[in-house]
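From first to last, the protein sequence lines are chains A and B.
Per UniProt numbering, residue 1 is the first one in the first sequence, and the count goes up by one each step.
Per UniProt numbering, residue 1 is the first one in the second sequence, and the count goes up by one each step.
We put the CB at the ideal spot given by N, CA and C, even for glycine.
On a predicted model such as this, the values are computed, not experimentally measured, just so you know.
Each remark here refers to the structure printed beneath this line.
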Amino acid sequence: MGEFNVHRVRFFDYMPSAIRALAFQPQRERIAVARTDGTVEIFNRADCFFQEKVIPGRQQAATEALAWVGDRLFSAGLNGEIIEYDLDNNKTKYTIDAYGGPIWSITSNKQGTHLAVGCEDGTVKLFEVHEDRIQFERNLAKQKGRIISLSWHPSGSKIVAGMMDVIHIFDTETGQSVQRLLVDRGVGTSRSQECVVWSVVYLSDGTIISGDSAGKVKMWDSRTGTLIKSHQVTKWDVLTLSVSQDETSLAVGTSEGHVVQFQFLSMVLGQEDKEWVRTRTFKNHTHDVRAVLEVNTAIVSGGMDTQFVVRPLLDKIDERGQASALRNIQFPHRRLVSCARKAGLLLFQYPGHLELWRYYSNGEEHICCSAVSPCGGWIAYSTVASFRLYRLHCENNNVSIIKVSKLPKVLSSANQICFSSDSSHLFVASTLLIFYLPSSSQGSGQAINLLAASEDGKWLASANSDHEVQIYNLNKMKPHCTVPVHSSGVSAMAIHPTTNNLFMVHADQQLTEYSVEKKQYTDWSRQVQRHGLHSLWLERDTPVTNVTFNPKNPAHIVLHDMYMFCIIDQTLPLPDQRSQFYNQLTLRSMPEKERKKHSHAFKMCKIFKELLFVELMEDQSLVVVERPLMDITAQLPAPVRQKKFAT
Amino acid sequence: MVEESGIRVVRCGGNKISFRAPIISKDSRYEFLLCASGDLVKVFSTSTEECVHVLEGHTGQVTGVILNPTNHLQVYSCSADGTIRLWDFIDGILIKFFLAVSKSVFVSPENFQLVALHLPKVPEQEVEAREMSAVLCNISSNPGSTAMGRGGEYVASVMGRQLTVYFFKKLKTYRFSLKATDKKGAKNAFTCVACHPKDDCIATGHEDGKIRLWRNFNQKKEYTYSTQHWHHDAVGTLCFTTEGMHLLSGGVESVLVQWHCEEVNKKDFLPRLGGAISHICVSPDGQMYSTSHLDNKINIIHCSLKLSAVIQGLVKGNIWTDLMIDPRTRALVMNGRPGHLQFYSLQQDKQLYSLDIVQQEYINQEGLDQFEVMRAAFSVGGTWLATVEERGRCTSDLESSLKLWVYNEKAQSFELNTTITAAHQDRIMHMCFSPSTETTMLVTTAWDNQFKVWLLGLDSDTQKEHASWSCDYVGSYHGLQPTNCCFSSDGSLLAVSFKEVVTIWSSDTWELLTTLCQPPGPIRELCFGRLSCSKYLLGTTAKNLFCWNLLTCSLEWSTPMDVCLLRSDPLSENVVAFSLHSGNTDLFVFRPSEPRPLFTQKAVCGGKVQRCVFSPREEPLDSCDERFQWLNRSRLYFLTELMELLTFSTKAEDERILNSRKQLLVDDSVAVTPFYLLLGKHRQQQEEKQNSGVSQAADRVQPPQASVAIKELLHTPAHVLPAASFLCSMFVNSLLISNTGSRNLQEEKPFSFPLCSGTNGQICWLGM
């Protein structure tokens, strides 16, 4: 496999932002994640929780809540605006002001006809959902104090609102408050502080479950307005609640970073009357759990520590496999680093600026993609609203940068940018595919999230979030062919410099190789499909985010995910299910002759910290961009103090 | 064992009472605690801590006691002898006994199985229970790892890392396994199990101190459990309270933890209960808890977590000190709880008190090096107690201190007088007080090749009344290591053995008088003869027993035997020697003046005898048999390898005990009510009459015709009974005493029931 000079890069201070809200779309199994910087990410539950889309945020956006209405995604924030997102183009569709001050919560009814928002001024505002817009319908009876949390009864006739020290139940027909439930304050010093009802859930049997800042989860009977049971879950705040689709399980997120599960169980086996019983506790977070979701087979949670944690419920899963593994998503499933292979430059993409040894800063809109040309002479980036191209001159440590004006109008925004290998062409993709320098464009339905250009400048491959991969002939400027659609999205792809084979890695860890010229899968790819990949390879929980090739040895493909990088040698046999997968150490101890017999195609390397980027340069040196998770945790605010045993 | 010879080895008290979980039950007045203790079941009163009854009959270790579910005054006990017995524990009567294990069933000791035994309902007292069906195979031998569920519908058992639940009605078994270890290296093995009495909830304790509450366990996959963690070490035992409001748990920490089932985060603690908690049980009314501890102790705790009574048996942990008899209380003194000396009354089979020597909190955690009492000695009158405590025996940095305690008459206990830290450079091996009455003197020998003499004296510097101990003389002999020391019975001579040499010192001048040497082999034990034999000095080596005459300074006699223990009776000339011979210990009793032993017994017990002591009798026996005369003044107690305390009992003694036990059966079954006062007086007078009167009194009490009238009155159905007024005169007549009795009755107060027949036919008591 050879030896490389390694450039270990640790000066990319990538810092993800905290997760504020989660919302689940059960029909298409999409999870929307809102972060504190206004970014909204869409994860596909069916496709190994692959991050399909990223809608970049803005500086002032303070998203507080998310709501799905059918396939449409809405968010509301403390700036008082409701946003609908255009999920095809990965941008906001429109914004309307609710005129009720900061919005704390937004929720849709089960029928999908209305949205309710809870505002700072104490009103619950109902919006009617139309085909293309939403329309303000009415205010429910105004209360004193802010509306923190909302939940519809599944029938849609009632809505429950959590406020300070009190919970109100509104009739949506009359708009009047029908019940008022008083919530106890905490004991001790917190007695003087108002009790904030951070989250409420209205169940179809009329039970209301509330979680409050006194650390209690309370079950109420909405008909009589009485407290059924109170569980002291934590000493600090209960921040979020989520009930499963069948209303038998409840997940509770707390300030301690714990997720506590409650289950609706019969106390005497075989009898009908059931009670909510506290069962499991998951301690996967170090900071506040701000959002939690019960997704049929798993509990998804996110919070201040920026992690997106998928904790599978093993009792709902039949067999061991990818679905039964704990997933901890920390890094985005896309590239944030571009590399000028020939010039040896690295470009880091931050939300607010780009860094090529830190020299350029941007305005208030967040950058959604960026690229540096292989020769190092060009930098291109795009925000949601605009596209910029810069000419770069590097002469003896003097770096000068000139903005290229007079870009064509069609270049307004981009999802993916790619330079051709000789730096003569720039490819820009949104839903349209644009070839810049000799300008041209091609259209498709979904936003393109990956581009790959061939070394000889003849081919370009694009992948979109519908899992479709198109190949274009750049000489003829027209589509060449479409790769057969795989069930899982493409997480990384590249065209081989010598053979012009398109190498694709999917979110479910499958590997495919497609011959562009022959318009069919290569023999190696078919062999992989037939033989199957090793279970240890399939059980990895982070997708491959970059593919490169070894210029010296065309049979070597270099891949990396968050925890490892790997070289696949296509000349060697594939590993058997029984054989040892991580076999480098064993091989090293063997005599030369036996090594051949035991070696297989996958060479894994795990010596680095968490990886953001790995690239093989022209001179056979390896550039490794690390971002140790320890450094990220060190930058987080201090968590709530907890007594640890023996400290 | 050797019953025909009129003497037998008996186990004398000190049995383990915390071997199995006890049970608490109550009759109308008293609450009782029943626990298995050896092959007995002991019934204690929870209010007085006294042993009320002993249920005797099993011939093997009692392995469990359980209340009869239909009668809370009866108890079932099972034993390793293969029988189950049903007792009435209020009266201490055996009601039934079931022969359980049929010979055909082979049970291997490693592979335990849970069987359901059908107890046939037949009137005979001795029943053979044949119907037996296996419920679960391969269960843990610890009864704490099997529990019956709500209403006996299922049984839960844990073994290793697997929980098995068997439903009796559905005949279905569910098994739930935990992973070997999780990422943090937690030990997931189960240690104990308990079932909620009202809900379907199983609590399991684990090796890493976690408690899991399992629910929905009739599902293969959708079972669920919640985890609680407080214990830092393995959970020893779990128990739900009667109503299921609380879960009690205990372990090595010796803290009783009360978990609230409703509010899982809330828990109450009762710390510092003693040794590790091995069992917890709850009374049927839920008012009392009891915790059994590994140091042979049962605490009775009120449900508000207040300690209400302590039943302490003989603590048999690590024993380093000799067995001693406290001359004042005649209690057996030895190591008790860590850092304590226990005073155990052998007559009452009860701990009198525990003296805290170390006076430091003991931390219940393994692997800690903590102070332990290593040596102790009493002065002749029992006024002084010397103790040696040590720490760091295994490591090189030894810390030790010699403490001298004086008996305070006012406080009725020992008080610390002097503490000498690092009395010697190295470990103190042996110490003894001088038996002379004039001076109070203590001699210690240690591994630093010195022996030191300590003397009580007034401290000249401080000029205080308070007398304290100080070193008077330091002796050594050729840099050899001293092992044993012993004073002659008048205290004038001190014998110290240095390896193979015995040196004799004058206790007045500390002059080395003579040396005695009898190689080969170092001296193991050293002992002066008593009374008429006080001129003899006995010594043992690995191969020989020597007897020197100190008047001639020559060897009187020697005999080749491997004596492991040598003790002299302080009240007679007798000396007892234990010798290990082919796995068994033989006993020899002899006088130093006579080479012929007075009494020998082969194979007194298996294994090596650890310690022995002579305890003076309160009243001497007058056994005429020459062979047992050595037992007349004192009793011999000895401790075997298995930490069993044994003694010799003669036939006469056995009979006396049996007689005294019969007298103990006092009729106290009537509650103190107004009715009882009435009746009690009646009975009292009857008794008086019986005592004073003649035999005719018996006839008077129950005139034959009276019983007929009452029978008629009580046994005829009410609807066919004539009017009460009609019967009244007959009834009253039947109760009256006929005047045909003897004359001396007239001298007593005339006895009659003041009765009155009401106009409506009711009979009412007027009172006296």
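Does any residue of chain A have a CB that is nearer than 8 angstroms to the CB of B/Arg212? Any Cβ of chain A closer than 8 angstroms to the Cβ of B/Arg212 would place that residue at the interface, and such an atom is absent.
I want to see whether chain B comes within less than 8 angstroms of A/Met267, judged by CB atoms only; does it? Taking Cβ atoms only, chain B reaches closer than 8 angstroms to A/Met267, which makes this a yes.
If the criterion is Cβ atoms closer than 8 angstroms, does the pair B/Leu452 and B/Cys432 meet it? Contrary to the premise, residue 452 of chain B reads as Lys rather than Leu in this sequence. Not closer than 8 angstroms, so no.
Determine, using beta carbons only, whether B/Ser177 comes closer than 8 angstroms to chain A. For B/Ser177, the nearest beta carbon of chain A is not closer than 8 angstroms to its own beta carbon.
Per DSSP, what kind of secondary structure is B/Asn574 in: helix, strand or coil? If DSSP states are grouped into helix, strand and coil, B/Asn574 belongs with coil.
Have a look at B/Asn68 and B/Arg85 and give me their C-alpha separation to the nearest angstrom. Our two residues, B/Asn68 and B/Arg85, have alpha carbons roughly 11 angstroms apart in a direct line.
Flag A/Val625 as yes if its beta-carbon sits less than 8 angstroms from any beta-carbon of chain B, otherwise no. No, A/Val625 does not count as interfacial toward chain B.
Residue span of the beta strand (DSSP E) that contains B/Val358, given as start and end: Membership of B/Val358 in any beta strand (DSSP E) is not indicated, and neither H nor E is assigned to it by DSSP.
Quick check on B/Asn549: does DSSP put it in helix, strand or coil? Strand at B/Asn549.
What residues from chain B crowd round A/Phe645, counting only those whose CB sits closer than 8 angstroms? Under the 8 angstroms cutoff, chain B gives His232.
Is there a C-beta anywhere in chain B that falls below 8 angstroms from the one on A/Arg278? Closer than 8 angstroms to some Cβ of chain B, the Cβ of A/Arg278 qualifies, so yes.
Use the C-beta contact count for B/Ala718: other C-beta atoms within 10 angstroms, 16 or more gives buried, fewer gives exposed. With fewer than 16 other Cβ atoms within 10 Å, it is exposed.
Please report whether the beta-carbon of A/Asp315 lies at a distance below 8 angstroms from any beta-carbon of chain B. Output row for A/Asp315: interface = yes.
Residue-chain proximity (B/Arg161, chain A), Cβ-Cβ < 8 angstroms: No, no contact with chain A.
Quick one: measure Cβ to Cβ for B/Gly313 and B/Lys651, integer angstroms, because I've assumed they're closer than 8 angstroms. The pair is not a contact, with the Cβ atoms about 28 angstroms apart (cut-off 8 angstroms).
Separation of B/Gly607 from B/Leu55, as counted between CA atoms: If you take the alpha carbons of B/Leu55 and B/Gly607, they lie about 29 angstroms apart.
Presumed contact (8 angstroms Cβ cut-off) between B/Leu571 and B/Arg611, rounded CB distance: So it is not a contact: roughly 19 angstroms between Cβ atoms.
State the Cα-Cα distance for the pair A/Phe170 and A/Ser204, rounded to the nearest angstrom. A straight line joining the alpha-carbon of A/Phe170 with that of A/Ser204 spans about 15 angstroms.
Tell me which residues share the same chain as B/Lys297 and place their Cβ nearer than 6 angstroms to its Cβ, disregarding the 5 neighbours each side in the sequence. Excluding positions up to five away in sequence, the list reads Gly274, Gln312.
How many whole angstroms separate the CB atoms of B/Leu538 and B/Val496, which I take to be in contact at a CB cut-off of 8 angstroms? That belief does not hold up - the Cβ atoms of B/Leu538 and B/Val496 are roughly 15 angstroms apart, past 8 angstroms.
Considering only C-alpha positions, which residue in the set B/Val406, B/Gly457, B/Ser436, B/Phe371 is nearest to B/Thr421? With distances taken between Cα atoms, B/Thr421 lies closest to B/Phe371.
Within this structure, are the beta carbons of A/Phe331 and A/Glu610 separated by less than 8 angstroms? Note that the C-beta distance between A/Phe331 and A/Glu610 is below 8 angstroms.
Does DSSP put A/Phe24 in a helix, in a strand, or in coil? DSSP, read as helix, strand or coil, puts A/Phe24 in strand.
I want to verify the contact list: residues of chain A whose CB lies under 8 angstroms from the CB of B/Glu222, in sequence order. Going along chain A in sequence order, the residues near B/Glu222 (Cβ under 8 angstroms) are Asp315, Lys316.
Report the partner residues of A/Gly122 according to the DSSP bridge assignment. Looking at the DSSP assignment, A/Gly122 forms no beta bridge with any residue, so it has no partner.
Going straight from the alpha carbon of B/His424 to that of B/Ala276, what length do you get? In a straight line, the C-alpha of B/His424 is about 34 angstroms away from that of B/Ala276.
Using DSSP bridges, identify the partner residues of B/Ile420. According to DSSP, B/Ile420 bridges with B/Leu402.
Between the Cα of B/Leu33 and those of B/Val115, B/Lys198, B/Ser283, spot the shortest distance and give me the residue it belongs to. Of the listed residues, the one whose Cα sits closest to B/Leu33 is B/Ser283.
Cβ separation of A/Leu66 and A/Ala98, assumed to be a contact under 8 angstroms, to the nearest whole Å: Contact flag wrong, Cβ pair sits at about 15 angstroms.
Under 8 angstroms between C-beta atoms of B/Thr419 and B/Ser401: Using a Cβ distance threshold of 8 angstroms, B/Thr419 and B/Ser401 count as a contacting pair.
Using C-beta distances below 6 angstroms, list every residue in its chain close to B/Val358, excluding the 5 sequence neighbours before and after it, in chain order. Taken in chain order, the residues that qualify are Gly339, Phe371, Glu389.
Could you pull the DSSP bridge partners for A/Leu533 from this structure? None; A/Leu533 has no bridge partner.
Check whether the Cβ of B/Val264 lies closer than 8 angstroms to any Cβ atom in chain A. Contacts with chain A at 8 angstroms (Cβ-Cβ) include B/Val264.
If the criterion is Cβ atoms closer than 8 angstroms, does the pair A/Leu239 and A/Asp165 meet it? Taking C-beta atoms as the reference points, A/Leu239 and A/Asp165 fail to come closer than 8 angstroms.
Of all the residues that make up the region 400-418 of chain B, which are near chain A by a beta-carbon distance shorter than 9 angstroms? Listed by position, the residues of the region 400-418 of chain B near chain A (Cβ gap below 9 angstroms) amount to none.
Could you check if A/His258 is buried or exposed, using at least 16 other CB atoms within 10 Å of its CB as the buried criterion? Buried, because 16 or more other Cβ atoms sit within 10 Å of the Cβ of A/His258.
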